[in-house]
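Protein chains in written order, with my numbering: chain B, 1190 to 1480; chain Y, 1190 to 1480. Even for Gly, the Cβ is constructed at its ideal location relative to N, Cα and C. Below: the structure, in structure tokens.
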DNA sequence: AATTTTTCCTGACATTAGTCAGATATTCTG
DNA sequence: CAGAATATCTGACTAATGTCAGGAAAAATT
């Protein structure tokens, strides 16, 4: 009754009931579930029909018919892909966008009510949901370049500074400004800023800036609470090293602090070695890695 | 993108996909979802047909047909309720019980795999699931009497001792034994042991034992992590006070420790007043409440 | 005792979902 | 350029689910 598996199954029951209610609320807009699910994947800029079929694991014939019905209602329109005229692209019409907004509103309302029910524990609940969603989404995790001034980068950097301020004693939090006034050095072609996405939540970042023509510096490796303990930091470092190699750098440097024990351990176990200090406090560890 | 509501919706998407996969695994046993859902509600001891209809929000005709099919497969049998011969009761046959065991095994496997995926964070994940399931189940919470030696009571008491050992400095954990050798005094007709259930997880307990003919002592008020901040402790105290009144006691006593700040605050705000010490360490607060 | 209400059942029907076999247009491959 | 492969569509069909009207039996009400 009380082991982990039994508790997961209790969770499953509770959530199935909730999700069932959500399905019914789709029906609340007078549209069968299948069609509603398709509609939710059609974006104003256009979505490949193949992607819709794939995501929903639908038969090609059925997908086609759903799209035909949505078209008949005037919610979508389908055009052929100019790049490959066998493929087709479905696009939301204005009426379709209005309809989607209505679905959004329903979902938003339900979500707001649930959060409100959590009362004083709303932060705990959201953290719990992040943790579970990140676990379930793990196979879909994607690492993509981002602009250092984008909202996702800003989110990552704020979280990063919050964390190191809490962990490194005596660190002055006012020295950080987000967005970074020097963000240009993290932007191509000189630098890089990578973000890992789990669905639409940024769960990790790492960045690179040039020190000179052959040496670059890795900065701001951060992993969201919900994604820790899964080797994501290692993947991020791999990704940024690949970028650096592709850009022609010969070696990488970074500075960090011994208070960030897991990070330091990760670096040391992946080919980084100590070098002479090249920056000041709060750093107390300086590392280099040849590429 | 990054506020609580957006994150809840990401959670929803992740879980919907998971639950969808679960539905398909029902189909893994070659039975359509609707019938599988009905089968899962039919218990070996018998379940009212009306309850099945209600829980699944099914049409009366459809329910009837599902039960007819299950009967044809030899999984259930339906008899009329002797107390009201319009009503009918569905019962699992032996073959039906075997089939249910197979469903259980599927669910158990899936759950085990998911927990395994969590790796080193399995405890965090289970705690997160508890929190969410408790929130979603909140309206279904039930307080029921339990035997002080039952597995649910044991679970509550172990959790309780773990907690106070962690919170009260200098407490010797070896003085507690579960099950309690003196459990008789918490058993009717002399005492009471109440457990609050959220689905099949015990999330709170409180107990009562007689000190003399008119005075009883409240002991072992405990609330599961996942259920805190929702006023459950208050409800448990209410419930045990009602029990004490019904049993004819005139006043209640308890001892506690100032380290348990929320508990002490709760008592003081609900009519308890300080009295002279009537026990020793680790208690440092003694309270009484007239009924 | 007659009437109404409740519970469950059956049959008829409608809607939704899913499958399969071609047909057509386009692109890829050798 | 011929033939193979790919992407989508249409039509025919089946399975599953949901809805409705009414009927039979039992219980409750007048």
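1. Counting only runs of 3+ residues fully inside the stretch 1410 to 1467 of chain B, write out the beta strand (DSSP E) ranges in chain order.
2. Just curious, the beta strand (DSSP E) that residue 1476/B is in, first and last residue?
3. Can you pull the chain Y residues whose beta carbon is under 9 Å from the beta carbon of residue 1418/B, in chain order?
4. Once you ignore the five residues that flank residue 1428/B on each side, which residues in its own chain have a CB closer than 6 Å to its CB?
5. Secondary structure at residue 1247/B, three-state DSSP: helix, strand or coil?
6. So for residue 1282/B, helix, strand or coil by DSSP?
7. Exposed or buried, what is residue 1408/B when buried is set at 16 or more other beta-carbons lying within 10 Å of its beta-carbon?
8. Quick one: residues in its chain with C-beta nearer than 7 Å to the C-beta of residue 1344/Y, no 5 flanking neighbours on either side, listed in chain order?
9. Run the CB neighbour count on residue 1465/B, radius 10 Å, all protein chains shown included, and call it buried at 16 or more, exposed below.
10. Check whether the Cβ atoms of residue 1197/B and residue 1226/B lie closer than 8 Å to each other.
11. Please report the straight-line C-alpha distance between residue 1477/Y and residue 1467/Y, rounded to a whole angstrom.
12. Residue 1336/Y touches chain B at which residues, Cβ-Cβ below 9 Å?
13. Buried or exposed: residue 1190/Y, going by 16 or more other Cβ atoms within 10 Å of its Cβ?
14. Strictly under 8 Å for the Cβ-Cβ distance: is residue 1373/B near chain Y by that measure?
15. Is it the case that the Cβ atoms of residue 1259/Y and residue 1224/Y are separated by a distance below 8 Å?
16. Tell me the rounded alpha-carbon separation between residue 1303/B and residue 1315/B.
17. Alpha carbon to alpha carbon, what distance is there between residue 1424/Y and residue 1479/Y?
18. Note down the Cα distance separating residue 1400/Y from residue 1385/Y, rounded to an integer number of angstroms.
19. Relative to the C-alpha of residue 1138/B, which residue among 1239/B, 1330/B, 1462/B, 1300/B is closest?
20. When DSSP labels each residue in this structure, what does residue 1328/Y get in the three-state scheme?
21. Applying a beta-carbon distance threshold of less than 8 Å, which residues of chain Y neighbour residue 1224/B?
22. Rounded to a whole number of angstroms, what is the C-alpha to C-alpha distance between residue 1208/Y and residue 1370/Y?
23. Taking the alpha helix (DSSP H) that residue 1226/B falls in, what are its first and last residues?
24. Under a Cβ-count criterion, where at least 16 other Cβ atoms within 10 Å of its own Cβ denotes burial, should residue 1388/B be classed as buried or exposed?
25. Which chain Y residues sit within Cβ distance under 7 Å of residue 1318/B?
26. Could you pull the DSSP bridge partners for residue 1295/B from this structure?
27. Quick one: does residue 1342/Y have its CB under 8 Å from some CB of chain B?
Taking the structure as given:
1. 1440 to 1445
2. 1474 to 1479
3. 1307, 1308, 1309, 1310, 1313
4. 1332, 1383
5. coil
6. coil
7. buried
8. 1391
9. exposed
10. no
11. 11 Å
12. None at all; the shortest Cβ gap to chain B is about 14 Å.
13. Confidence at residue 1190/Y is low in this model, with a pLDDT of 45, below 50, so the placement of that residue should be treated as unreliable; the coordinate-derived value is given next. Exposed, since its Cβ has fewer than 16 Cβ neighbours within 10 Å.
14. no
15. yes
16. 11 Å
17. 18 Å
18. 24 Å
19. No answer is possible for residue 1138/B: the residues shown for chain B start at 1190 and end at 1480.
20. helix
21. The premise fails here: residue 1224/B is roughly 16 Å from chain Y at the closest Cβ pair, so nothing lies under 8 Å.
22. 44 Å
23. 1222 to 1230
24. buried
25. 1196, 1197, 1200, 1321
26. Looking at the DSSP assignment, residue 1295/B forms no beta bridge with any residue, so it has no partner.
27. no
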